[in-house]
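Residue numbers (this note's numbering): 485 to 1109.
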């Protein structure tokens, strides 16, 4: 049984800090919140186990299983832990620790929760009111780009490192509102920063990240009637001095006003252009509707989804978002289909669930209503899937926002020619007999601190929580591992210390159970650890249920004959073997593997196949009592 992660309090059970009760009362506004609870949370750094966190939300009996995917030791001294919910209904989780305070968000299916600090021990857990509203993001573009009926699609392999500085400019009233709702602007900015960086990570946009700064500036000359088109034009001139002083690449206006028709508005350049690097994002949509990530996507040149999937952008370019519309088997043309399980990527627009539209599928037209309106933390990418469905399209009406960000990210990071000290690192193909990690150091522009020469330190562990639990690997601009550590998942930390003692670091997750090997079986060399030889092929087997609540894990395949000679072993996230044996035949093409003795947590099932190859499948034990 997992430890209690959330503890709920009543408003009279603790001493309110100055202003805390007023914040509590303001958060009761039903246009902002569906519910507001007072909680204390365990520290995720000690509550997680080998990168896996389990918890229940107050008042909910279902258990959320979260697997860490992105961990950061921010230059602001914040610690950021982000992960994907691997149990139903899926979603994302972030916890941020800054100056002894805790903040975060939990996006579970259609529900969105925000965590903001009350004091060092207590937080507000706010369930946001995310009922449908038409206030999506909008964009203003340059003249229509040339194009044919379909774009000429070429997948991007651009992995150049880029640190993009985003400056938020707040009105004084907006600062007051943010402090009331989120506790501090620093945490608000970090939450927005993390949502974008998680989207980059989820979408396979490597070596790109944003860093958010903020300033408050008064006396913005709002237009009569709050015309957001006019206000964005005015904002460019208004923001330029602050942009220059803060060395920013992209600038976002966060006002206190409600433009009613929109949640955000942005410049959309055809090609990178610092004159079109501005956007507006309203406070109420900044995080919980991912409008910051949406509008910054426009600044990169990403577009809404095609009319094909109920979008509003028919421009013949590849950088469109995607909406997934599951019709189900054997759909009938006559009735209206109420679509459940639909999702949209970051740039696709929300829709009214009461509106019927025509969806063309396999050459036939169907009348549909999008009942669920979930946005997923992904920019469209044909090579990345969500729940088994590609998040983009590589044919016809191409949808690949991730490729656009890959290709222009480095140019955008150079809008401002002043750089802070930063580090990123890459690795060679994980199929080779040795793996080389290479650091990329961005030197600061004089007179900023963080000057050369630099010392580069390398560490690894199985949790991503560095400190006392880490192994020192060596120093140098490059690091060569002759073999991976004996575990299916590990984390590498690259830390850079400058001559004037400025320290920056980067942490990355290495998942060997899902190695995207480019080499084939015959070419794969011997290694210091056993690597599945068939990992580059489509899996022959599937496992269920996952998570496992009872004592048996089932394995299914269409290859009935091979079942007679399949063996298995189970390992934990540290690579330690827990059990092994020969599966029992359950029925037909289904085998059973006993897992009753395993504690809650993350494990790997290694299926040893008769050809001498193997497959690795990740599964979770989640026993509830």
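Where a beta carbon is used, it is the ideal one built from N, C-alpha and C, also for glycine.
DSSP places residue 911 inside the beta strand (DSSP E), whose first and last residues are 906 to 911. Here the alpha carbon of residue 993 sits roughly 25 Å from the alpha carbon of residue 593. Look at residue 685 here: in three-state DSSP terms it is helix.
For residue 888, the closest C-alpha among the options 991, 782, 539, 746 is that of 782.
When the beta-carbon positions are compared, residue 984 and residue 933 come within less than 8 Å of each other. Excluding its 5 nearest sequence neighbours in each direction, residue 776 has C-beta neighbours in its own chain below 6 Å: 676, 765, 770, listed in chain order. Judged by DSSP secondary structure, residue 492 falls within the beta strand (DSSP E) whose first and last residues are 490 to 493. For residue 661, the uninterrupted alpha helix (DSSP H) run begins and ends at 656 to 666, by DSSP. Per DSSP, reduced to three states, the secondary structure at residue 787 is strand. Under the three-state reduction of DSSP output, residue 726 falls in the helix class. The distance from the Cβ of residue 982 to that of residue 1036 is about 55 Å, inconsistent with a contact at the 8 Å cut-off. When secondary structure is reduced to three states using DSSP, residue 894 falls in the helix class. Counting along the chain, residue 576 sits inside the beta strand (DSSP E) bounded by residues 575 to 582.
Going by DSSP, residue 770 is part of no beta strand (DSSP E) but of the alpha helix (DSSP H) stretching over 767 to 770. If the five residues before and after residue 1107 are omitted, its C-beta is found closer than 7 Å to the C-beta atoms of 1033, 1084, all from its own chain and listed in chain order. Runs of the beta strand (DSSP E) spanning 3 or more residues and lying entirely within the segment 946 to 971 occur at 955 to 959, 962 to 965, in chain order. Apart from the 5 residues on each side of it in sequence, residue 1051 sits with its Cβ closer than 6 Å to the Cβ of 1066, 1092 in its chain, given in chain order. For residue 505, the enclosing alpha helix (DSSP H) has its first and last residue at 504 to 510. For residue 1060, no beta strand (DSSP E) encloses it, and the DSSP letter there is neither H nor E. Fully contained in the segment 766 to 848 are the following alpha helix (DSSP H) runs of length 4 or more, in chain order: 767 to 770, 775 to 784.
Between the segment 588 to 602 and the segment 846 to 864, the count of C-beta pairs closer than 8 Å reaches three or more; the two stretches touch.
Scanning 1025, 726, 533, 601 for the CA closest to the CA of residue 1057 turns up 533. Around the beta carbon of residue 550, 16 or more other beta carbons sit within 10 angstroms, so the residue counts as buried. Counting only unbroken stretches of 3 or more residues, the beta strand (DSSP E) elements lying wholly within the segment 702 to 767 are 734 to 738, 748 to 752, 762 to 765, in sequence order. For the pair residue 1101 and residue 1054, the Cα-to-Cα distance works out to about 10 Å. Take the alpha-carbon of residue 524 and the one of residue 609: they are about 9 Å apart. Beta-bridge annotation (DSSP): residue 601 is paired with 607. Between the alpha carbons of residue 905 and residue 755 lies a distance of about 27 Å.
Note that the C-beta distance between residue 673 and residue 652 is below 8 Å. Under the three-state reduction of DSSP, residue 901 is assigned to coil, being neither helix nor strand. Residue 637 and residue 878 have their C-alpha atoms roughly 7 Å apart. Fewer than three beta-carbon pairs drawn from the segment 743 to 759 and the segment 910 to 930 are found closer than 8 Å, and the two stretches are therefore not classed as touching. Boundaries of the alpha helix (DSSP H) harbouring residue 531: 528 to 531, taken from the DSSP string. A Cβ-Cβ contact shorter than 8 Å links residue 991 with residue 555. Contact annotation, residue 883 with residue 639: C-beta distance approximately 12 Å; criterion of less than 8 Å not satisfied. Cβ neighbours of residue 779 within its own chain (closer than 6 Å, five residues either side excluded): 621, 748, 750, 763, 765.
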